[in-house]
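Numbering-wise, the working numbering comes out as the position in the sequence shown, counting from 1, plus 20. First the structure, in the form of structure tokens, and then the observations on it.
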Amino acid sequence: MMGKTHFKIGILYYLLMSFLTGKILISFYHMKIDVLALLAAGIGAVFPDADSDHSMVNTKNPLFKASKKTINYFNRLIKKVIGFFFFIVPAVLIILYMYKNKVYLKELVILEIILLFLSFNSIKVGKYIPLLSSIYRKIDNKSLKIKKIFMMSIYICMSLSIIYFSRGRIIGVIWGAIFMIIAVFPHRTFLHAPEGLILSVIGVKYLADILNVSYITLPFAIGYFSHLYLGDVFTSSGVPVSSLPVILKKMGLHERLKKYTLYKNLYKILNIRLKIPIIKTGSTLGNVFEWLYVLVLFILIISIYSKY
Numbered sequence: 021m022m023g024k025t026h027f028k029i030g031i032l033y034y035l036l037m038s039f040l041t042g043k044i045l046i047s048f049y050h051m052k053i054d055v056l057a058l059l060a061a062g063i064g065a066v067f068p069d070a071d072s073d074h075s076m077v078n079t080k081n082p083l084f085k086a087s088k089k090t091i092n093y094f095n096r097l098i099k100k101v102i103g104f105f106f107f108i109v110p111a112v113l114i115i116l117y118m119y120k121n122k123v124y125l126k127e128l129v130i131l132e133i134i135l136l137f138l139s140f141n142s143i144k145v146g147k148y149i150p151l152l153s154s155i156y157r158k159i160d161n162k163s164l165k166i167k168k169i170f171m172m173s174i175y176i177c178m179s180l181s182i183i184y185f186s187r188g189r190i191i192g193v194i195w196g197a198i199f200m201i202i203a204v205f206p207h208r209t210f211l212h213a214p215e216g217l218i219l220s221v222i223g224v225k226y227l228a229d230i231l232n233v234s235y236i237t238l239p240f241a242i243g244y245f246s247h248l249y250l251g252d253v254f255t256s257s258g259v260p261v262s263s264l265p266v267i268l269k270k271m272g273l274h275e276r277l278k279k280y281t282l283y284k285n286l287y288k289i290l291n292i293r294l295k296i297p298i299i300k301t302g303s304t305l306g307n308v309f310e311w312l313y314v315l316v317l318f319i320l321i322i323s324i325y326s327k328y
């Protein structure tokens, strides 16, 4: 699902739970509704995508936004230069040919004008030319890798800085671990698994207690839960039962343990991805589904609030 949808769903599910516990199960739990709680639910709902360089968490960050803008600028500049020379070189050769041979054919002049026009619109035109489109794809892939490397570097620096300056305090160790995980683990692995949910909620709990806003822990947890099991579970990628298989592979233990039958059976279970593949993120059907999902939740909340 898209980040904006996750943000809305996280807030809506928190409101839904608040109204249900407040109106129906009055003594169950006191859930406070204010701007900070709603914001915590929204942040919790988008936090699992923090390991993706194009997620809402990172695109709203001024540092990542500036770096992305710079990388995109050079990406476009390189494409323009390559595309310009791709068309301008044959145009220059035609001019030299006509000048040297004293030949001024109308067809060559028209071709010259076309090539000059294309040289200044090479990015748009290039995607229809196999050679240029192939070069552009390679440039885009390099740009994505650079963005990922930059993101990893920032989170690793944040992780080490927090651990160092916290001087061994548990909150520093937890958030240092979270930022390191964001840096090194692939998207839709640790942060999309129960381990990511638990560790992140613990980190928020410690931080909330220090800031004397302990009540924001629950909305954050509800928002996070909604992202995994009430959101991404409906996508074709789904969510992992556990991140343990990825962790073991990262540690190089998988190859050593796979010879054991018990481990192989356990690995098969933990490596399952929970999914009800209704939509594909970014598709037309997916966008319609997300819009209807938010609308239904909103109507449900209004109905419950007005009834009780």
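C-beta: ideal position from N, C-alpha, C; glycine also.
With hydrogens ignored, establish whether the beta-carbon of residue i is closer than 6 Å to any heavy atom of the ligand SAM.
i: F254; result: Ligands displayed in this structure: none; no statement on the ligand SAM is therefore possible.
At the level of alpha carbons, what is the spacing between residue i and residue j?
i: L264; j: F210; result: 8 Å
i: I218; j: L315; result: 29 Å
i: A203; j: D73; result: 10 Å
i: A197; j: M171; result: 16 Å
i: D229; j: I191; result: 10 Å
i: G272; j: H207; result: 19 Å
i: L56; j: S186; result: 25 Å
i: T301; j: D252; result: 9 Å
i: I292; j: K269; result: 15 Å
i: I44; j: I319; result: The predicted model places I44 with a pLDDT of 47, which falls under 50 and marks its position as unreliable; any figure quoted below should be read in that light. Using only the alpha carbons, I get a separation of about 18 Å.
i: L59; j: F240; result: 8 Å
i: S139; j: I91; result: 22 Å
i: F94; j: S163; result: 9 Å
i: I115; j: N141; result: 20 Å
i: L84; j: L317; result: The amino acid at residue 84 is misidentified as Leu; the sequence shows Phe. F84 and L317: Cα-Cα distance of roughly 32 Å.
i: N121; j: I159; result: 39 Å
i: L282; j: I289; result: 11 Å
i: Y325; j: L277; result: 53 Å
i: Y49; j: K165; result: Confidence at Y49 is low in this model, with a pLDDT of 47, below 50, so its placement is unreliable and no value can be given for it.
i: F106; j: I182; result: 49 Å
i: V112; j: L131; result: 11 Å
i: L32; j: Y280; result: 45 Å
i: L250; j: N81; result: 26 Å
i: P68; j: S323; result: 30 Å
i: K126; j: I149; result: 25 Å
i: C177; j: I134; result: 50 Å
i: F205; j: N78; result: 16 Å
i: I108; j: V101; result: 10 Å
Would you list the one or two residues that DSSP bridges to residue i?
i: P260; result: R293
i: I299; result: T255
Can you tell me which of the options puts its alpha carbon nearest to the alpha carbon of residue i?
i: N285; options: H274, D160 and L294; result: H274
i: K147; options: G103, F185 and E132; result: G103
i: Y156; options: M171, Y184, K167 and R96; result: R96
i: A86; options: V221, N141, N291 and I174; result: I174
i: G216; options: L248, Y226, S186 and P239; result: L248
i: F27; options: S38, S75, F39 and L131; result: S75
i: V18; options: H212, S246 and D54; result: No answer is possible for residue 18: the residues shown for the chain start at 21 and end at 328.
i: P297; options: G306, D71 and K120; result: G306
i: A65; options: I169, K165, R189 and S220; result: S220
i: K327; options: I29, L32, M21 and F39; result: F39
i: Y287; options: L294, S303, K295 and V266; result: V266
i: P110; options: K99, S303, F137 and I98; result: F137
i: L227; options: F205, F245 and V193; result: V193
i: K225; options: W195, P214, F245 and V101; result: W195
i: A70; options: F199, S303 and V308; result: F199
i: K99; options: Y119, K89 and I143; result: I143
i: L36; options: I242, T304, S303 and L294; result: I242
- prompt: Along the chain, which unbroken stretches of the alpha helix (DSSP H) at least 4 residues long are found entirely within the region 105–191?
  reply: Fully enclosed alpha helix (DSSP H) runs of 4 or longer: 126–139, 142–146 and 150–186.
Three CB pairs or more closer than 8 Å across the region 250–259 and the region 227–237: No, because fewer than three Cβ pairs between the region 250–259 and the region 227–237 fall closer than 8 Å, the two stretches do not touch.
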